[in-house]
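Read through the structure below, which is laid out as structure tokens, and then see the notes.
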Amino acid sequence: MKLHTLATLGALCAATVATAADAPAKAPKTDWTDAVKKALVIYENPDTFVKKVNLSWREQFQIASVQPNGSNGLHLKKGASPFNQEFRRSWLGIDVHTRSNTQLHFIGRIGGLPTRSTYSNGRTKRNFTYAGIYDAWVKQKFTSIDGLAVRVGKFSPKFTYDYNMSNAAIYTIERSALSNQYGLDTNWGVELTYDTPDKLNSFYWQLMANDRACNSKSLSHRDVYRDGRGLKGEFGWEDKCFTTLGAKHKFAVTEDGYQTLGAEYIHDFNNAYNDQHKKGANYYGFGFRDAVSISHEYKRGKLLFITNLVASFEQIDGNGSNNIGLQLQPVYSINPHVDLVFRYTGMTGDKACKLGSDRYIGVQTNAPTWADSLHTFYFGVDLYASAINKNAAKIMFGAEYTTARSGGVDCYNGWEYTTAVRWNF
């Protein structure tokens, strides 16, 4: 009886093991954000030349309040409102992927939405967006050299830690003053990238026109190429372009974290330096002749710590001073749905710290565009709707205190409170 029982138990165990071995692997977790992304796929067939066509949709609506403390006599402009609300982003796009490892990418701004308030003729008033191009590029990967790719078209420059991240992925509502001082918008150019097969090293080079491509232009300049919304600007490679050279190295990779060291060098070829700047030409470069950025990213468990040190040389728009700045940004994940964010940004340079790069301070207050020193302290909370695709939908709360000095005295200090709803599919 005992032998029969043991034999029966052995057979049941063997059957159980066999069944477990034959069972399919557990499917990856999905949620409603995956369903939205799937709904935006309008064509998918791996057996045809065009393998996949998908739409993309990105929105950001935010409300802000600028509160200068007034202790040094600085206040809002006469008639200006401290409050602002805007569609920071409202974009639709399309991606086409082919069997030849070619990707066509386009994102357009949706026109006609009320956006950031501006100050004009003694009062604050709303202006409107326009239909324009944000991204438009073609990317080609090469099977003969794994990791090599070339991109041509309109895209974002890769300089500073912040601009190496998508605007959908950044942890703060706006990029730091350290990055925004360069005014690096998407721009026309060419890019060459190489990622090593182990994904631990990457190298990139960009050559881009000094053409903001969406701002005002001088009609008197011969390089004006089109009077169209979304393509406004001037274009002239012979005297207005800049180049970026960068690299990243990932190391100390473990199950719960890693470290990344990055460096970029950027140079502007604008011939304003030799007094041959063309009459009527507008300048849309990054504001300095040369700049260097060194960044470090430390990730362990729930903590991410970002450090970015930047040095800029020969300012163009001001008195030609140099600038050095530091960004320290810890991010702590309480749980998959909640992040706490702090950011310190500090800069120094004789009238070379661009206080006017702040999205609201420069518009609604009497603060100068350039200061000798600048310090900001950002406190934020990010709430994610999805723990799987964190950047698909989130609500962000941020409070930032800014203090600046010029000529040895305070020229601005005060708070800025912003709340943003952002989604990206």
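Numbers given in the working numbering equal positions in the sequence shown, counted from 1, plus 125.
Every residue, glycine too, gets a C-beta built ideally from N, C-alpha and C.
Three-state secondary structure (DSSP) of residue i
| i | result |
| --- | --- |
| L344 | Residue confidence is low: L344 scores 42 on pLDDT, short of 50, so the model does not pin down where it sits. No coordinate-derived value is stated. |
| I188 | strand |
| I486 | helix |
| W548 | strand |
| N289 | helix |
| T158 | helix |
| T543 | strand |
| A164 | helix |
| G481 | helix |
| G532 | coil |
| R351 | Residue placement at R351 cannot be trusted, given a pLDDT of 41 that sits under 50; the coordinates are not used to answer. |
| K404 | Residue placement at K404 is poorly supported in this model, since its pLDDT is 43, which falls under 50; the coordinates still yield a value, given next. In this structure, K404 counts as coil in the three-state DSSP scheme. |
| E389 | strand |
| A416 | strand |
| F467 | strand |
| A517 | coil |
| G78 | With the chain running from 126 to 550 in the structure shown, residue 78 is simply not present. |
| S458 | strand |
| F212 | strand |
| Y537 | strand |
| A524 | strand |
| I219 | strand |
| L201 | strand |
For residue j and residue i, the rounded distance between their alpha carbons
| i | j | result |
| --- | --- | --- |
| Y168 | Q306 | 41 Å |
| F504 | D172 | 50 Å |
| F360 | R484 | Low confidence applies to F360: its pLDDT is 47, below 50, so where it sits in the model is not reliable, and the reading given next is rough at best. Their backbone Cα atoms lie some 26 Å apart in a straight line. |
| N326 | G371 | 11 Å |
| K203 | R248 | 7 Å |
| G387 | S420 | 5 Å |
| L508 | Y286 | 22 Å |
| V166 | H222 | 11 Å |
| F563 | L332 | In the structure as shown, the chain begins at 126 and stops at 550. Residue 563 is therefore absent and cannot be evaluated. |
| T494 | W330 | 31 Å |
| S291 | A164 | 22 Å |
| S225 | E541 | 48 Å |
| F376 | G272 | 18 Å |
| F394 | G410 | 9 Å |
| P455 | F328 | 26 Å |
| I258 | R276 | 17 Å |
| P461 | G533 | 45 Å |
| D109 | I449 | Beyond the ends of the chain as shown, which are 126 and 550, falls residue 109; an answer cannot be given. |
| V506 | S458 | 10 Å |
| F522 | S269 | 46 Å |
| A274 | D320 | 9 Å |
| F430 | H374 | 16 Å |
| V435 | V175 | 42 Å |
| Q574 | E422 | Limits of the chain in this structure are 126 at one end and 550 at the other, which puts residue 574 out of reach. |
| G314 | K264 | 12 Å |
8 Å Cβ cutoff met for residue i and residue j
| i | j | result |
| --- | --- | --- |
| Y288 | L317 | no |
| S242 | S206 | yes |
| E439 | F413 | yes |
| F116 | I391 | Because the chain in this structure spans residues 126 to 550, residue 116 falls outside the shown range and cannot be described. |
| S446 | A477 | yes |
| I235 | L217 | yes |
| N252 | D220 | no |
| Q210 | R547 | no |
| D156 | S511 | yes |
| A524 | N549 | no |
| Q489 | L199 | no |
| F212 | L238 | yes |
| I295 | A545 | no |
Where the alpha helix (DSSP H) through residue i begins and ends
| i | result |
| --- | --- |
| A302 | 302 to 305 |
Beta strand (DSSP E) segment containing residue i, residue limits
| i | result |
| --- | --- |
| T501 | 495 to 509 |
| I232 | 227 to 234 |
| L317 | 312 to 320 |
| S327 | 326 to 334 |
| A372 | 366 to 379 |
| D119 | Past the boundaries of the shown model lies residue 119; the chain is included only from 126 to 550, so the question cannot be answered. |
| T551 | Any answer about residue 551 is impossible in this case: the structure gives the chain only from 126 up to 550. |
| F438 | 428 to 440 |
| A274 | 273 to 280 |
| D87 | The structure shown does not extend to residue 87, since the chain spans only 126 to 550, so no value can be given for it. |
| N194 | Per DSSP, N194 belongs to no beta strand (DSSP E) and is neither H nor E. |
| G257 | 257 to 266 |
| T249 | 248 to 253 |
Test: residue i CB closer than 8 Å to a CB of chain C
| i | result |
| --- | --- |
| M333 | Going by chain labels, chain C is absent from the structure shown, which holds only one protein chain. |
Residue i CB to nearest heavy atom of the ligand MN below 7 Å
| i | result |
| --- | --- |
| T249 | Among the components modelled here there is no ligand, and therefore nothing to report on the ligand MN. |
| Any chance the region 471 to 484 sits against the region 297 to 304, with 3 or more Cβ pairs inside 8 Å? | The region 471 to 484 vs the region 297 to 304: in contact.
| task | Give a yes or no on contact between the region 494 to 502 and the region 517 to 535, applying the rule of three or more CB pairs nearer than 8 Å. | result | Contact between the region 494 to 502 and the region 517 to 535 is present, because at least three Cβ pairs lie under 8 Å.
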